[in-house]
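All remarks here apply to the structure that follows.
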Amino acid sequence: MGERADIVVIGAGPAGMAAAIQAAAAGLAVAVLDDQPTPGGQIWRNVEGAAERGDLKLFGKDYRRGLASVKRFRLARVDYQPGARVVGVEPDADARDTGGDVLFVRKGQAARLSCKRLIVATGAYERPTPFPGWTLPGVMTLGAAQIALKTSDLVPERPFVIAGQGPLLLLLAAQLEAAGAPPDAVLDLSDPGLALTAGKSAAMAALLAPDYLAKGAYWLGRLRATARNVVQIRALGAERLRQVEWRTAAGAVGRIDVRTLLVHDGVIPNAQLTRAMRAPHLYDMAADAWRPAADRLTGQLDDMPWVHVAGDCAGVAGWAAAEALGESAGAAAATALGRTATPGRWSRTRASRARALRPFLDRIYRPARAFQRPDDATLVCRCEEVTAGAVRAAAALGAQGPNQLKAFTRAGMGPCQGRMCSQTVAAILADAQGRGPGDVGLMRVRLPISPLTVGELAGLNETEIKLPLS
Amino acid sequence: MTDTAQVIVIGGGMVGAAIAYGLAQSGAAVVMLDEDDGALRTARGNFGLVWTQSKGLGMQRYQEWSRRSAEIWGNFAREIEASVGVDAGHEQRGGLMLCSSPDEVAQSEALIAKMQAQAGNMPYDVTLLDRGELMAMVPGVAFGPDVVAAAYCPHDGHANPLKLLRGMHAGFQAAGGQYVPNAGVADIERAGAGYAAIAKDGRRFEAEKIVIACGHGIPALAAKTGLHCPTRPQRGQILVTERLDPILPMPMGSIRQTDEGSIMLGVSHEEVGFNDMNTGDVAGAIAARAVRILPALKTVNIVRAWGALRVMPPDGCPIYDESETWPGVFMATNHSGVTLAAVHARLLPRWILEGETPVGFEEFSVKRFDGTPHARPSH
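Residue numbers (this note's numbering), protein chains in the order written: chain A, 12 to 481; chain B, 191 to 569.
So, in structure tokens, the structure goes:
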């Protein structure tokens with residue numbers, strides 16, 4: 012048997028840290044597993060390092076706030092295990108509510124950690140952006156560019172263009188400008204260009220928004236000079252990216268010479284773990300994404316009461332909501348284990364305030380059609396090199412859903428387990444069958460949700476299991 | 191909705207698709223009814239061996255049936271490739287079953303002796319190689335020190351089961367077969383001189399004959415048509431590594447390298463009912479064994495793993511039968527859908543369409559279980 016804890020929290024972003032602090036304050040043994048080397052999650056990635064470098068200002072007020080949260084987390088009595096990559100969760104045998112084991116890899120060794128309650132706070136990841144030429148070297152996601160900026164103080168190689176849509180696009184443009192490297196152009200793929208070009212919406216966003224959006228609205232004005240509303244992009248180049256070609260709704264076409272192209276189409280919940288556990292998930296039409304079926308405040312899973320989800324993995328709502336919901340999930344889990352825990356009264360208010368903005372954001376930041384409906388020649392599954400055309404052919408052969416389609420095409424069989432293609436595959440299939448993506452469903456995810464070596468996994472061989480002759 | 195066909199095949203997995211493909215190739219008007227995307231699908235979890243050396247202990251007919259299928263598999267695969275351009279990745283360069291302890295050597299010797307005795311006039315070409323002979327046969331494979339012997343059979347091989355499935359589906363449709371997905375069958379009724387299959391959503395499909403070949407769904411439908419199907423689910427777990435350059439020249443029982451380069455590691459036999467989750471303990475045991483056999487795998491990434499449920503008859507051998515009270519209703523089930531795909535496609539259509547069967551075929555009847563305690567399953 013492995014180690015034991017009362018509560019295991021997966022993820023040390025805003026939600027995970029807040030949950031762990033709450034539960035530890037209630038006197039419980041809390042372990043936090045996070046795959047990054049330092050706490051903060053994506054939004055506050057390396058905030059301690061940036062503070063040491065004196066770079067905090069670069070990233071704006073929301074980033075600076077993270078330093079206080081990370082400091083609080085460092086002081087809490089939790090067993091914090093950085094560099095721990097969770098590969099799966101197993102509920103106790105024949106029981107749905109007594110706890111279970113978290114399987115993870117740390118320092119080259121697979122291990123098990125048993126707990127009575129689990130809090131999943133695995134955040135969000137960028138919606139995949141398939142378009143012609145997206146696999147060329149020189150094309151990268153906006154999130155990857157932000158990681159380089161936060162951890163290594165690196166800015167994209169110029170000239171560079173940002174293309175896509177979503178609030179993060181505004182934020183990064185602002186951060187890069189502050190770092191002295193503004194984008195040479197912004198290609199706005201939002202439909203119908205609301206986010207960048209409709210002044211009214213921007214003003215409304217500023218009115219309702221937390222600080223980063225107000226800041227985004229300010230940058231909107233600055234970006235308008237370099238921004239263009241387009242409906243299609245193509246990355247051109249033989250060995251690497253040379254040019255970006257754009258096309259507007261009116262049919263105008265142009266090309267820009269670039270070294271780097273950053274693309275982004277919003278973020279979606281990282282629900283790989285709860286999906287691998289076979290917890291029920293719902294399709295959120297407004298957000299165009301799947302999320303676990305859970306209580307909206309405590310994050311308790313409808314079907315697995317010993318598991319809570321908190322933060323963006325439960326439905327994208329940003330860091331303020333994540334922190335509040337993390338507190339709420341931590342308190343609920345502690346209460347379920349017989350402890351007294353009350354999250355700050357304001358946490359509920361903060362959560363609902365941050366969430367109140369969401370329908371509006373979801374409306375103006377719709378996924379870009381150019382990315383959601385790639386042409387036949389475009390790769391949708393990068394791991395197995397499957398094109399949109401091959402997916403459409405399998406749909407024509409009668410594949411009922413994404414799992415049969417995966418069996419027929421190999422889309423989703425690579426190391427990412429469909430993280431990068433299952434949304435696109437479902438959208439293409441939905442179109443082919445005249446159904447909604449929520450009706451089509453998603454590919455099944457299984458343990459291990461991320462790769463580990465045969466040698467690492469062999470470390471889990473604690474019990475004698477008889478295998479037949481090989 | 192009513193459709194009339196000559197034959198309805200219920201099931202679009204490895205067994206159903208092979209039979210439907212074969213029937214359509216024979217010129218019959220066939221409808222294949224398949225379940226939805228979430229169904230328990232053993233056909234998406236196969237290991238992919240086309241295997242004879244361990245098949246049929248206790249039933250000589252099954253031993254012969256597997257061997258016959260292995261013999262015609264190459265032609266069968268070429269026919270699919272010629273008709274729809276899907277290469278099922280079939281290779282028949284022999285296969286090994288490795289022994290990594292004196293205990294396993296003894297087990298292997300005993301198995302070979304029994305299979306040899308049972309085979310009668312049919313040649314059973316399995317040789318037990320010692321470590322030196324093994325290394326000479328597959329030079330360049332860096333076995334761990336525990337590997338002391340291996341049983342070698344020249345008739346064994348492997349294929350890509352998912353490409354096989356897609357090829358059979360595509361070939362079925364190319365031959366004029368009608369595929370109906372999302373049509374899990376809830377009931378079978380008599381309809382005039384023939385039968386009707388009623389889908390769960392109420393759609394009705396009529397035909398002169400019905401073949402029940404829907405894996406774990408067979409027992410319920412068989413019971414409605416005067417048949418008995420005593421199969422149970424048995425879980426197997428499999429791990430798949432990242433792609434490597436070719437390192438394994440032939441499949442080695444539970445370790446094989448696929449046509450795409452990844453190494454597949456199997457496989458457990460677990461009695462856990464209808465639970466197809468994969469688990470850390472079994473995955474760990476499979477990984478530990480793999481490292482013992484091929485230490486170089488230690489640093490290779492596992493990119494995928496799964497559990498799937500074999501359709502396991504009590505004696506591990508196939509069941510093929512026709513209802514006495516509902517003549518024209520057939521059932522076909524077994525846990526060896528990849529190996530037997532060739533005989534299912536080539537030989538079962540004659541049984542279904544014309545009542546013509548290979549010698550001794552009646553031994554596969556479910557009647558063999560009448561009044562007998564269920565025998566120990568073989569692999």
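Each residue gets a CB set at the ideal place from its N, CA and C atoms; glycine is no exception.
Considering only the beta carbon of each residue, do residue i and residue j sit closer than 8 Å?
i                      : j                      : result
residue 177 of chain A : residue 376 of chain A : yes
residue 130 of chain A : residue 244 of chain A : no
residue 455 of chain B : residue 447 of chain B : no
residue 468 of chain A : residue 123 of chain A : no
residue 23 of chain A  : residue 91 of chain A  : yes
residue 117 of chain A : residue 132 of chain A : no
residue 51 of chain A  : residue 81 of chain A  : yes
residue 402 of chain B : residue 520 of chain B : yes
residue 263 of chain A : residue 242 of chain A : no
residue 142 of chain A : residue 420 of chain A : no
residue 441 of chain B : residue 525 of chain B : no
residue 296 of chain A : residue 452 of chain A : no
residue 149 of chain A : residue 272 of chain A : yes
residue 425 of chain B : residue 458 of chain B : yes
residue 355 of chain B : residue 418 of chain A : yes
residue 346 of chain B : residue 248 of chain B : no
What residue range is occupied by the uninterrupted alpha helix (DSSP H) comprising residue i?
i                      : result
residue 161 of chain A : 153-163
residue 206 of chain B : 204-215
residue 409 of chain B : 408-414
residue 259 of chain B : 250-274
residue 442 of chain A : 433-444
residue 32 of chain A  : 25-36
residue 296 of chain A : Element bounds for residue 296 of chain A: n/a, residue is neither H nor E.
Could you name the residues of the same chain whose beta carbon sits closer than 7 Å to that of residue i, not counting the 5 residues immediately before and after it, in chain order?
i                      : result
residue 305 of chain A : 311, 312, 313, 320, 325
residue 190 of chain A : 69, 160, 166
residue 147 of chain A : 246, 248, 251, 252
residue 372 of chain B : 226
residue 350 of chain B : 238, 278, 279, 448, 449
residue 88 of chain A  : 35
Suppose the cutoff is 6 Å on Cβ atoms and the five residues either side in sequence are ignored; what does the same chain contact list for residue i look like?
i                      : result
residue 386 of chain B : 379, 394, 396
residue 516 of chain B : 415, 416
residue 197 of chain B : 213, 218, 220, 397, 399
residue 432 of chain A : 391, 392, 422, 423
residue 317 of chain A : 108, 110, 128
Counting only the same chain and skipping the five closest in sequence on each side, list residues whose C-beta sits under 8 Å from that of residue i.
i                      : result
residue 426 of chain A : 394, 461, 462
residue 464 of chain B : 230, 406, 423, 499
residue 66 of chain A  : 164
Kindly identify the DSSP beta-bridge partner or partners of residue i.
i                      : result
residue 221 of chain B : B:198, B:368
residue 511 of chain B : B:521
residue 491 of chain B : A:464
residue 199 of chain A : A:175, A:240
residue 348 of chain B : B:239, B:281
residue 424 of chain A : Residue 424 of chain A is not bridged to any residue.
residue 136 of chain A : A:279
residue 442 of chain B : B:445
residue 99 of chain A  : A:114
residue 423 of chain B : B:501
residue 120 of chain A : A:117
residue 343 of chain B : B:285
residue 431 of chain B : B:492
residue 561 of chain A : No answer is possible for residue 561 of chain A: the residues shown for chain A start at 12 and end at 481.
residue 319 of chain A : A:130, A:311
In terms of residues, what are the limits of the beta strand (DSSP E) holding residue i?
i                      : result
residue 558 of chain B : Run containing residue 558 of chain B: none; DSSP gives neither H nor E here.
residue 453 of chain B : 452-455
residue 154 of chain B : Nothing can be reported for residue 154 of chain B, as the shown portion of chain B is limited to 191 through 569.
residue 166 of chain A : Element bounds for residue 166 of chain A: n/a, residue is neither H nor E.
residue 395 of chain B : 394-402
residue 388 of chain B : 384-389
Which runs of the alpha helix (DSSP H), 4 residues or longer, sit entirely within the segment 283-318 of chain B? Within the segment 283-318 of chain B, the complete alpha helix (DSSP H) runs of at least 4 residues are 292-309.
Chain-ordered residues of the segment 465-493 of chain B with a beta carbon less than 8 Å from chain E: No chain E is part of this structure, whose protein chains are labelled A and B.
Where are the beta strand (DSSP E) runs, 3 residues long or more, that stay fully inside the segment 329-394 of chain A, in chain order? With a minimum length of 3 residues, the continuous beta strand (DSSP E) runs that stay inside the segment 329-394 of chain A are 390-392.
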